[in-house]
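Using this note's numbering, the letters of the sequence shown correspond one by one to residues 132 to 426.
To keep things clear, I will list the structure first and then write my remarks on it.
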Amino acid sequence: MIKDIATPIRTRTILEKYGFSFKKSLGQNFLIDTNILNRIVDHANLTENSGVIEIGPGIGALTEQLAKRAKKVVAFEIDQRLLPILRDTLAPYQNVHVIHNDVLKADVNEVINAELNDVADIMVVANLPYYVTTPIIMKILEDHLPVRGIVVMLQKEVADRIAAKPSTKEYGSLSIAIQYYMEAETVMTVPRTVFVPQPNVDSAVIRLTKRDKPAAEVQNEKFFFELIRASFAQRRKTILNNLTSNLPNGKENKEQIERALAEVEIEPRRRGETLSIEEFAKLSDQLYVSVYKKA
Ligand code: SAM
């Protein structure tokens with residue numbers, strides 16, 4: 132019986148054997164609790180035919196539990212020093228491939244085509260490096276990876292923003308950008324004590340499930356996201372003020388923007404944080420057709 136990597140003793144033994152020192156700049160907080168890892172993996176609903184993409188395997192704590200349940204695991208690790216360690220710790224698992232690369236620079240679609248072409252479904256499962264959580268999640272969405280969903284550990288504060296509902300203080304452009312493509316739910320909160328070293332923020336696990344189609348239909352997605360960024364640029368300002376200050380030629384187009392808001396029955400004094408995705412979609416189409424398509 133092989134001992135799990137994610138115990139305090141085994142982790143310490145591995146780190147000492149290789150003289151490994153943590154790099155804070157790479158968000159290295161390793162999990163040392165097999166029970167927590169198993170619960171994370173449970174939330175991914177894997178089968179023996181599933182493929183998994185992991186970001187940042189570290190010394191392989193989560194990778195090992197994924198390998199036991201999935202058909203194949205492909206893991207991206209940026210830190211060269213971890214590669215010999217992973218070769219050692221993951222030697223018992225034939226279904227793992229570690230790729231030495233920055234996931235933000237990798238062509239993940241190409242890797243999926245080459246390595247995960249014979250799996251029934253694909254999940255992204257990771258304990259993310261906290262300094263790049265948002266860019267990593269946005270990359271997965273914007274690259275349109277053929278994944279069923281994403282289960283990731285991240286800062287609780289970011290998890291709250293991702294899963295937020297309208298009219299809460301956490302709701303913002305990140306909530307909409309993600310909920311447009313995925314259903315978002317926080318499935319676990321995780322104490323600091325299950326990591327080495329302990330992070331100085333609270334952690335949570337979110338599950339994102341790909342929608343069959345985006346949460347709202349819009350004529351031009353690029354403009355829709357531009358509108359959302361503009362609407363939240365200054366949270367305390369009204370929607371009208373944010374749009375006139377932050378959309379291209381907003382000041383010149385003030386009258387048309389007012390007319391578009393009236394047309395879709397959105398009170399110009401409301402704040403962006405009170406608008407639902409559907410309201411943003413209606414406003415986006417109205418403004419796009421009446422002003423920005425022609426620009
Ligand atoms: N999965 C391990 C665990 O749960 O114990 C380690 C998680 S640790 C929070 C994050 C890992 O991501 C580290 O191994 C770090 O080196 C790696 N990492 C950081 N930035 C990365 C990037 N841009 N691309 C790929 N891996 C990255």
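C-beta: ideal position from N, C-alpha, C; glycine also.
Mapping the DSSP letters down to three states, classify D333 as helix, strand or coil.
Here residue 333 refers to the residue found at position 202 when the sequence shown is read from its first residue. Three-state result, D333: coil.
Residues in its own chain within less than 8 Å of V263 by CB, not counting five upstream and five downstream?
Locating residue 263 in the sequence shown gives position 132, counting from the first residue. So the list reads G158, L235, once near-sequence residues are dropped.
Would DSSP call G187 helix, strand or coil?
Position 56 of the sequence shown, counting from 1, holds the residue named residue 187. Coil at G187, not helix or strand.
Are the CB atoms of T324 and A294 within a distance shorter than 8 Å?
Against the sequence shown, residue 294 aligns to sequence position 163. Against the sequence shown, residue 324 aligns to sequence position 193. In this structure, T324 does not lie closer than 8 Å to A294 by Cβ.
Relative to the C-alpha of V422, which residue among E185, E383, P322, L272 is closest?
Reading the sequence shown from its first residue, position 291 is the one you call residue 422. The option with the nearest alpha carbon to V422 is E383.
Does ligand 1 have a heavy atom nearer than 7 Å to the CB of P399?
Here residue 399 refers to the residue found at position 268 when the sequence shown is read from its first residue. It does not: the Cβ of P399 is nowhere closer than 7 Å to a heavy atom of ligand 1.
Is the region 246–262 touching the region 167–184, taking contact as three or more C-beta pairs under 8 Å?
Yes: the two stretches touch, three or more of their Cβ pairs being nearer than 8 Å.
Pairing CB atoms from the region 387–398 with CB atoms from the region 411–418, are three or more of them under 8 Å?
Touching, yes, given that three or more Cβ pairs across the two stretches are closer than 8 Å.
Ligand 1 and I186: does the residue's C-beta get closer than 7 Å to at least one heavy atom of that ligand?
Counting from one through the sequence shown, the residue named residue 186 turns up at place 55. It does: the Cβ of I186 is within 7 Å (strictly closer) of some heavy atom of ligand 1.
For N232, collect the residues of the same chain with a Cβ closer than 6 Å to its Cβ; drop the 5 residues on either side in sequence, then sort them by chain order.
For the purposes of this step, residue 232 is identified with residue 101 of the sequence shown, where counting begins at 1. Cβ neighbours of N232 beyond the five flanking positions: F207.
Mind checking which residues open and close the alpha helix (DSSP H) that includes Q417?
Along the sequence shown, read from residue 1 onward, the residue named residue 417 stands at position 286. Counting along the chain, the alpha helix (DSSP H) containing Q417 begins and ends at 408–418.
How big is the Cα-Cα spacing for T144 and L168?
Taking the sequence shown and counting its residues from 1, one reaches residue 144 at position 13. Taking the sequence shown and counting its residues from 1, one reaches residue 168 at position 37. Whole-angstrom Cα-Cα distance: 19 Å.
Consult DSSP for I216 and reduce its assignment to one of helix, strand or coil.
Position 85 of the sequence shown, counted from the first residue, corresponds to residue 216. Note: I216 maps to helix in three-state DSSP.
Count the other C-beta atoms from every protein chain shown that fall within 10 angstroms of the C-beta of R292, then say buried if there are 16 or more, exposed otherwise.
Reading the sequence shown from its first residue, position 161 is the one you call residue 292. Its Cβ being crowded by 16 or more others within 10 Å, R292 is buried.
Would you call the CB atoms of L221 and T265 closer than 8 Å?
Indexing the sequence shown from 1 puts residue 221 at position 90. Indexing the sequence shown from 1 puts residue 265 at position 134. Their beta carbons are not under 8 Å apart, which means L221 does not touch T265 by this criterion.
So, for K385: in the same chain, excluding its five sequence neighbours on each side, which residues have a beta-carbon less than 7 Å away from its beta-carbon?
Within the sequence shown, residue 385 is the residue found at index 254, counting from 1. Excluding residues within five positions, the ones whose Cβ falls inside 7 Å are T375.
Do G303 and N258 count as a contact pair if the criterion is CB distance below 8 Å?
As a working note, residue 258 is residue 127 in the sequence shown. As a working note, residue 303 is residue 172 in the sequence shown. No, the pair does not count as a contact, with Cβ atoms beyond the cut-off.
Closest by CA to Q196, which one among T138, R338, S407?
As a position in the sequence shown, residue 196 is number 65, starting the count at 1. If we check each option's Cα against that of Q196, T138 comes out closest.
Mind checking whether the beta-carbon of A201 lies closer than 7 Å to any heavy atom of ligand 1?
Taking the sequence shown and counting its residues from 1, one reaches residue 201 at position 70. The answer is no for A201.
Of the residues A245, H275, I171, which one's Cα is nearest the Cα of T194?
The count along the sequence shown starts at 1 and reaches residue 194 at position 63. The shortest Cα separation from T194 among A245, H275, I171 belongs to I171.
Per DSSP, which one or two residues make a beta bridge with G150?
Residue mapping note: residue 150 aligns to position 19 of the sequence shown, counting from 1. Its beta-bridge partners do not exist; DSSP assigns none.
By a C-beta neighbour count over all protein chains shown, 10 Å radius and 16 as the cutoff for buried, is G182 buried or exposed?
Stepping through the sequence shown from its first residue, residue 182 is reached at position 51. It is buried - the Cβ of G182 has at least 16 other Cβ atoms within 10 Å.
I'd like to confirm something about N160: is its beta-carbon nearer than 7 Å to some heavy atom of ligand 1, or not?
Indexing the sequence shown from 1 puts residue 160 at position 29. Yes, the beta carbon of N160 sits closer than 7 Å to at least one heavy atom of ligand 1.
Looking at V289 and ligand 1, is the gap between the Cβ and the nearest heavy atom below 7 Å?
Working through the sequence shown from its first residue, we reach residue 289 at position 158. Outside the cutoff, so no.
Is E314 closer than 8 Å to L285 when the C-beta atoms are compared?
Indexing the sequence shown from 1 puts residue 285 at position 154. Indexing the sequence shown from 1 puts residue 314 at position 183. Not closer than 8 Å, so no.
What ranges does the beta strand (DSSP E) occupy inside the region 267–332, keeping only unbroken runs of at least 3 residues that lie completely in it?
List check, beta strand (DSSP E) in window: 280–286, 313–321.
Below 6 Å CB to CB, which residues in the same chain sit around A364 once its five sequence neighbours on both sides are set aside?
In the sequence shown, residue 364 corresponds to position 233, counting from 1. These residues qualify, in order along the chain: N373, N377.
Shorter than 7 Å, the distance from the beta carbon of N180 to the closest heavy atom of ligand 1, or not?
Here residue 180 corresponds to residue number 49 of the sequence shown, with the count starting at 1. No, Cβ of N180 sits at least 7 Å from all heavy atoms of ligand 1.
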